[in-house]
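Enquirer: One structure, as C-alpha cells, below. Some questions next.
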Amino acid sequence: MKKAPERLRFSALAVDAVVLGIVDGELCGLVSEVNRPPYYVNILGFLGGLINIEENADEACERVLYEKGGLKNVYVEQLYTFSEVERDKRNRVISVAYIALVRPDTAASYKFADASFVPLKKLKNLAYDHDEMLQMAKSRLQGKFAYTNIAQYLLPRHFTLSELQATYEIVLQKEFDKRNFRKKVLSLDLVKETGLVQDGVKNRPAALYEFSSQKIKEFQLLT
C-alpha cells in the first residue's frame, strides 16, 4: 500500500491523566511502568492511551482511568494540550492531559496490578513529557486551592478542621496559623458541621465537617 502524501499524514491523539491523592501525609501521583524499548525502558509515567475513533477526549480519559487504574467517579478536569513534535520519541502524538483527584481512603487503600501511588518528590525523569505535565498539574492544583473549594476532592467526605488545614498545608507547602485558618474558613461558609464527631478517639473527639457545596465554587480563601 502506498503511503499517504506528507501533507496528508496526521498526528495520533492521546490522553494522559495526572491522578493525585494524599497518602501518609504526602501528595502522591498515580503512575505505572512504561516499557517501550528502545526509547522507554522500565520508567514511570502517568496513565494514558490513544483516543479511540468513536470517543471524544473526555470519554477516552474516563476509559483510561478505569482500564489502566481501576478508577471511576473521581474528580477530573482538562489540564492542557501537549503538542511538542518530539514529545513521544516513537511517533507524532499529541496528548490532551487531565488532572484527576482521589480521596485519601481511595489513595491509601489503592491496589491495582499495574499502577501505584508514589510521592511527588520521588517522581522524576518520567516517560514522555510527564515531568512537565506533573509540574503544570501541581501548579494548577495549588492555584485552585487558593480560590476554590476543590480541596474537597482530596479529603474524606467528613473531616475535622485539623484535617482540612493539613490538606491545605500539604498542597500549598506552607504552614498556616491554626486560629486564623479556622476563622477564615468558617467566615466564608466553606464548610459546615455535620453534627458528628470522630470515632475511636480516646480524648475529646473533634467535630466533623463537610463542604457546604459539592460544586466547584470560587471565593478568596488564601493568598
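Just so we're aligned, residue 458 is where the sequence shown starts under this note's numbering, counting upward by one.
Glycine included, each C-beta is placed from N, C-alpha and C at the ideal position.
Pick helix, strand or coil for N513, following the three-state DSSP scheme.
Expert: Here N513 sits in coil by DSSP.
Enquirer: If L577 sits next to T617, beta carbons under 8 Å apart, how far is it from one beta carbon to the other, in whole angstroms?
Expert: With 8 Å as the limit, L577 and T617 do not qualify as a contact, their Cβ atoms being about 24 Å apart.
Enquirer: If I follow the unbroken alpha helix (DSSP H) through E483, where does it start and stop?
Expert: Careful: E483 lies outside any alpha helix (DSSP H), inside the beta strand (DSSP E) at 483–493.
Enquirer: Look at T565 and D481 and say whether their C-beta atoms are less than 9 Å apart.
Expert: Per the sequence shown, the amino acid found at residue 565 is Ala instead of Thr. A contact, by the Cβ cut-off of 9 Å.
Enquirer: Report yes if the C-beta distance between D562 and P613 is below 9 Å; otherwise report no.
Expert: For D562 and P613, yes; Cβs fall inside 9 Å.
Enquirer: Going by CA-CA distance only, name the one from E519, E524, Y537 that's closest to N530.
Expert: That would be E519, whose Cα lies nearest to the Cα of N530.
Enquirer: Excluding five sequence neighbours on each side, which residues of the same chain lie with their C-beta closer than 8 Å to the C-beta of L536?
Expert: Excluding sequence neighbours, L536 sits near V475, A554, Y555, I556, M590, M593, A594, R597.
Enquirer: How is the alpha helix (DSSP H) around L621 delimited, first residue to last?
Expert: Note, L621: alpha helix (DSSP H), 618–629.
Enquirer: Since I479 and I607 should fall inside the 8 Å C-beta cutoff, what is the C-beta to C-beta distance between them, to a whole number of angstroms?
Expert: Contact flag wrong, Cβ pair sits at about 13 Å.
Enquirer: Curious, which full-length beta strand (DSSP E) runs of at least 3 residues does the stretch 520–574 contain?
Expert: If we require 3 residues or more, the beta strand (DSSP E) runs fully inside the stretch 520–574 come out as 532–539, 550–558.
Enquirer: Between the C-alpha atoms of I551 and E667, what's the straight-line distance to the nearest angstrom?
Expert: One C-alpha to the other measures close to 39 Å.
Enquirer: Apart from the five residues on each side of it in sequence, which residues of its chain come closer than 7 Å, Cβ to Cβ, to E650?
Expert: So the list reads A664, Y666, once near-sequence residues are dropped.
Enquirer: Please report the distance separating the alpha-carbon of F503 from that of V472.
Expert: The straight-line gap from Cα to Cα measures roughly 10 Å.
Enquirer: Helix, strand or coil: how does DSSP classify L598 here?
Expert: In this structure, L598 counts as helix in the three-state DSSP scheme.
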